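Residues in the sequence shown are numbered from 139 upward in steps of one, following my numbering.
Every residue, glycine too, gets a C-beta built ideally from N, C-alpha and C.
The structure presented is a predicted model; accordingly, all values stated were derived computationally and were not measured.
Shown next, in structure tokens, is the structure this report addresses.
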Amino acid sequence: MPEDSAGQKTGSLACRVNSVLAAWAKPDSGAEISVVTPHLLQELRAKGQWLQCRDLQQWESIKGIAAAPMVLKQEVKLDLRFDTINGGLTLKNLTCWVASDGLPPGMGDILLSEGVMERLGYNAQALLDQARSVRDVYDMDEDVVPPGVRSVLAYAAATTIHPEPTPAEEELQPDEEQRCFPDIDVTQDREEARALEWGILEGKLDEAANLGCSAEFRAKLAELLSEYRDVFRIKLGRDPPVDMPP
């Protein structure tokens, strides 16, 4: 069983986050969502990592970790790599909710949800079936509950302090969230990527024309998109340096 920096035995697993940072991840079959600490994100940024973060339109909360519910304001996507006897195992694009504070001792830096555990093959009934194939009675009298966090994670919506979105905002929200997380590819060919990006924009222009926009409006819109085409990305990376004034 691994030990954390305090030398306390835990069920946490050593991993590397985004290939640059050593951390501890705690599998929790009772957790409805995966959670990461803000301290870990700060360490990643200190190493020059660009993080795929998104602000939650409606704040949420989690109960069962600390005495008071933790407020969640952001989610982030991370890559976790674990060492196994069969080689490295990578969990790519793992969506984690950012806790408002650190996790209690023994829980590591990242809490892996029930959904993640099931994706990796965890099944409570299968474990019971396997245990029964060994013997039919297990004496749990010697099983000592360790100090620290004992409760499982319960997820509940929190009262939001954000204003309710208008009907117009609700209608636009699916389009706004359609591309929240561009892919990262530092080996991409930028000219090829630009051509692909412009092809998508031209397709949207054709859609607008089919919906009734005039040829003059389409031409002006195409000119505007061409001027600001660099703000549209399918993948991030390999951008040339920007000359900024002092």
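Open item on the list: Measuring alpha carbon to alpha carbon, tell me which residue in L232, A152, F355, K342 is nearest G246.
Closed with: Locating residue 246 in the sequence shown gives position 108, where the first residue counts as 1. Among L232, A152, F355, K342, the Cα nearest to that of G246 is on A152.
TODO: Sort N231, W162, S199 by Cα distance to V214 and report the nearest one.
DONE: If you number the sequence shown from 1, residue 214 lands on position 76. Ranking the options by Cα distance to V214, first place goes to N231.
TODO: With a cut-off of 8 Å on the beta carbons, I'd call I338 and G375 a contact; round off their distance for me.
DONE: Looking up residue 338 in the sequence shown gives position 200. Looking up residue 375 in the sequence shown gives position 237. 18 Å between Cβ atoms; not a contact.
Open item on the list: Between the alpha carbons of Q187 and C234, how many angstroms are there, rounded?
Closed with: Mapped onto the sequence shown, residue 187 falls at position 49. Mapped onto the sequence shown, residue 234 falls at position 96. Between the alpha carbons of Q187 and C234 lies a gap of roughly 16 Å.
Open item on the list: I want to know whether the segment 266–280 touches the segment 174–185 - three or more CB-CB distances under 8 Å.
Closed with: No, they do not touch.
Open item on the list: Taking 7 Å as the threshold (C-beta atoms), are R219 and R270 in contact?
Closed with: Sequence index remark: in the sequence shown, residue 270 carries index 132 (1-based). Sequence index remark: in the sequence shown, residue 219 carries index 81 (1-based). In this structure, R219 does not lie closer than 7 Å to R270 by Cβ.
Open item on the list: Just to confirm my understanding: we take D217, look at its own chain, exclude 5 residues before and 5 after, and list those with CB closer than 8 Å. What are they?
Closed with: As a first step, residue 217 must be located in the sequence shown, where it is residue number 79. Counting only Cβ-Cβ distances below 8 Å, and skipping sequence neighbours, we find V155, N156, S157, T228, L229, K230, N231, L232.
TODO: Quickly, what does DSSP pair E345 with across the bridge? List them, please.
DONE: Against the sequence shown, residue 345 aligns to sequence position 207. BP columns for E345 are empty, so no partner.
Open item on the list: Measuring only the C-alpha atoms, how far is A360 from V369?
Closed with: Stepping through the sequence shown from its first residue, residue 360 is reached at position 222. Stepping through the sequence shown from its first residue, residue 369 is reached at position 231. In a straight line, the C-alpha of A360 is about 14 Å away from that of V369.
- [ ] Taking Q190 as part of the beta strand (DSSP E), name the residues at either end of that continuous run.
- [x] Within the sequence shown, the letter at position 52 stands for residue 190. 190–201 is the extent of the beta strand (DSSP E) around Q190.
Open item on the list: Distance check for S150 and M255, CA to CA, integer angstroms please.
Closed with: Taking the first residue of the sequence shown as 1, we reach residue 255 at position 117. Taking the first residue of the sequence shown as 1, we reach residue 150 at position 12. Looking at the backbone, the Cα of M255 and that of S150 are separated by about 13 Å.
Task: Residue from L250, A357, I372 whose Cα sits closest to the Cα of E335 - done: Working through the sequence shown from its first residue, we reach residue 335 at position 197. Nearest of L250, A357, I372 to E335, Cα basis: I372.
- [ ] Ignoring anything shorter than 3 residues or poking outside the segment 212–239, list the beta strand (DSSP E) runs there in chain order.
- [x] As far as the segment 212–239 is concerned, its whole beta strand (DSSP E) runs of at least 3 residues are 225–236.
Open item on the list: Looking at the ligand NAD, does it come within less than 6 Å of K230, judged from the CB to the closest heavy atom?
Closed with: Absent from the structure shown: the ligand NAD. Ligands present: none.
Task: Own chain, CB closer than 7 Å to M208, minus 5 neighbours either side, in chain order - done: Taking the first residue of the sequence shown as 1, we reach residue 208 at position 70. Here the set comprises S199, I200, A237, S238, D239.
- [ ] Compute the beta-carbon to beta-carbon distance between D166 and L250, rounded to the nearest angstrom, for a pair I have assumed lies under 8 Å.
- [x] Locating residue 166 in the sequence shown gives position 28, counting from the first residue. Locating residue 250 in the sequence shown gives position 112, counting from the first residue. Yes, D166 and L250 are in contact; Cβ-Cβ is about 6 Å, under 8 Å.
Open item on the list: Can you tell me where the beta strand (DSSP E) holding P165 begins and where it ends?
Closed with: As a first step, residue 165 is located in the sequence shown; it is residue number 27 there, counting from the start. Its beta strand (DSSP E) spans residues 159–165.
Open item on the list: According to DSSP, simplified to helix, strand and coil, what is L241?
Closed with: Your numbering for residue 241 matches position 103 in the sequence shown. DSSP, read as helix, strand or coil, puts L241 in coil.
Open item on the list: At the level of alpha carbons, what is the spacing between T298 and Q190?
Closed with: Taking the first residue of the sequence shown as position 1, residue 298 is located at position 160. Taking the first residue of the sequence shown as position 1, residue 190 is located at position 52. Confidence at T298 is low in this model, with a pLDDT of 43, below 50, so the placement of that residue should be treated as unreliable; the coordinate-derived value is given next. Taking the straight line from one Cα to the other gives about 23 Å.
Task: Local conformation of I338 per DSSP, three classes - done: Numbered from 1 along the sequence shown, position 200 holds the residue referred to as residue 338. In the three-state scheme derived from DSSP, where H, G and I count as helix and E and B as strand, I338 is classed as helix.
TODO: Return the chain-ordered list of same chain residues with a C-beta closer than 8 Å to the C-beta of K211, the five sequence neighbours on each side being excluded.
DONE: Start at 1 with the first residue of the sequence shown, and residue 211 comes out as number 73. Correct list, in chain order: D193, L194, W197, V236, S238.
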